[in-house]
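To keep things clear, I will list the structure first and then write my remarks on it.
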Amino acid sequence: MSSEPAPPPSGPFSGPAVRISGLVKRYGDKTAVDGLDLEIPAGTVTAVLGPNGAGKTTTVETCEGYRRPDGGTVRVLGLDPVADAARLRPRIGVMLQSGGIYSGARADEMLRHMAKLHAHPLDVDALIERLGLGSCGRTAYRRLSGGQQQRLALAMAVVGRPELVFLDEPTAGLDPQARRSTWDLVRELRADGVTTVLTTHFMDEAEELADEVAVIDAGRIVAHGSPEALCRGGAENTLRFTGRPGLDIGSLLKALPDGTEVAEPSAGTYRVTGAVDPQLLATVTSWCAQHGVMPSGIAVERQTLEDVFLELTGKELRA
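Going by our numbering, the first residue of the sequence shown is number 6, and it counts up by one from there.
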C-alpha cells in the first residue's frame, strides 16, 4: 500500500488511538457494558474477543459513534465519536458484517463511490485486484457470494486511507486463499501506521495478527495483553511423552511439584499438567531413567489463546 499516492499531510494521530474510561451502556434493565476501561495504542492491531452477549459489539459500536454511552468517556483519535462525528468519520474506516450497502448496487460502483468521499483514497483498481473482486465488479451486491460481500466490505473500509479501521469478522466465509490475502492486507495497514481494531471468532486469526488482545466478558475487560503474554499467564502448560503402558504414575507424581497432575489418557501416552519449566522436564526424564523407561515424543504444549479464553470466560467463542 505504500506505493499508492501520498497520504494526507496532517500525519497520524500521536496519542492512544482509542481511550475508553468507565464505559457504561444499558439497554433497559440490562447492563451491556459495565465500567469498561481500555486503551488501544496507535499503529497496532488489537483483537477484541468475547462470547456472545459479553458487550464486545456494543463497545466497538460506541467507538464507531453508533451508540451513545450512558456513562464514562470514549475518545477515538482524541475525539468524541458522537459529538465530533463529522470530524472523526473521514479519518476512520468501518467494516460491518452485514448491512450498509444497497443490495442493487454493483460492487465496483459502490467502491468507487466510497473512494470519491475521501480526499486521498487508495487506487480503486489496484484494491479490486488485490482483493480478487475483478470478476464480480459489475455484479449487484445481493448476487455476490458471502465471501465476495466480505471482501467488498473490507475494501470499502480501507479505500479512504483511514488512520483507524474497525474490522468486524473480516474473514468470515472466506476461502483459505482469500483469508490469507486479508491477513496480508491487515499487516500492510499496520506497516503503514494504521490502527486496526479487529473482532473475530477465529482464535488463530487473533494470535496471528494481533499485537494486543482484549477479552471482554460480562461488560468488562477480563484480560488485556499480547497473545504471548496472555498464553504465558493463562492456564498451566502440558508435557506429553510416550512410554510403555501402565507406568506407576503415582510414583511419578510424588517426584513432581505440588499442583502437578499426571494422567495416562490412552495406553502408553502420558500427560503431565502443571507449571512446565526446565526443572519439571528434568524431573520427568530423571524419573524415567530411574525406572528404566525410554520416553519418546516428548513435547511441551503451549497454551493457546483459545485455552486462555475458555479459562477466563468458561464459554466457547461462537459466530
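Ideal Cβ positions, reconstructed from N, Cα and C, are used throughout, including at glycine.
The beta-carbon distance between threonine 176 and glutamate 210, rounded to whole angstroms, is 6 angstroms. This is short enough to meet the 8 angstroms contact definition. For tyrosine 275, the secondary structure class from DSSP, reduced to helix, strand or coil, is strand. One thing to note: methionine 161 has its Cβ within 9 angstroms of the Cβ of leucine 116.
In this structure, the alpha-carbon of asparagine 57 lies about 37 angstroms from that of histidine 125.
Of Ala272, Leu286, Leu136, the smallest CA-CA separation from arginine 185 is found for Leu136. If the five residues before and after arginine 307 are omitted, its C-beta is found closer than 7 angstroms to the C-beta atoms of Cys236, Asn242, all from its own chain and listed in chain order. The beta-carbon separation of threonine 204 and valine 65, rounded to 6 angstroms, stays under the 8 angstroms limit for a contact. Under the Cβ criterion (8 angstroms, minimum of three pairs), the segment 31-40 does not count as touching the segment 298-305.
If you compare the alpha carbons of Ala52, Phe314, Arg24, Gly109 with that of valine 191, the shortest gap goes to Ala52.
Our two residues, lysine 259 and serine 231, have alpha carbons roughly 35 angstroms apart in a direct line.
Bridge partners of lysine 30 according to DSSP: Val38. Contact between the segment 260-269 and the segment 278-295 is established, with three or more Cβ pairs separated by less than 8 angstroms.
Counting every other CB atom within 10 Å of its CB across the protein chains shown gives glutamine 182 a total below 16, marking it as exposed. If you draw a straight line from the Cα of glycine 224 to the Cα of glycine 152, it comes to about 31 angstroms. Per DSSP, glutamate 174 is not a residue of any alpha helix (DSSP H), being assigned neither H nor E. In this structure, alanine 228 lies near valine 313, with their beta-carbon atoms less than 9 angstroms apart.
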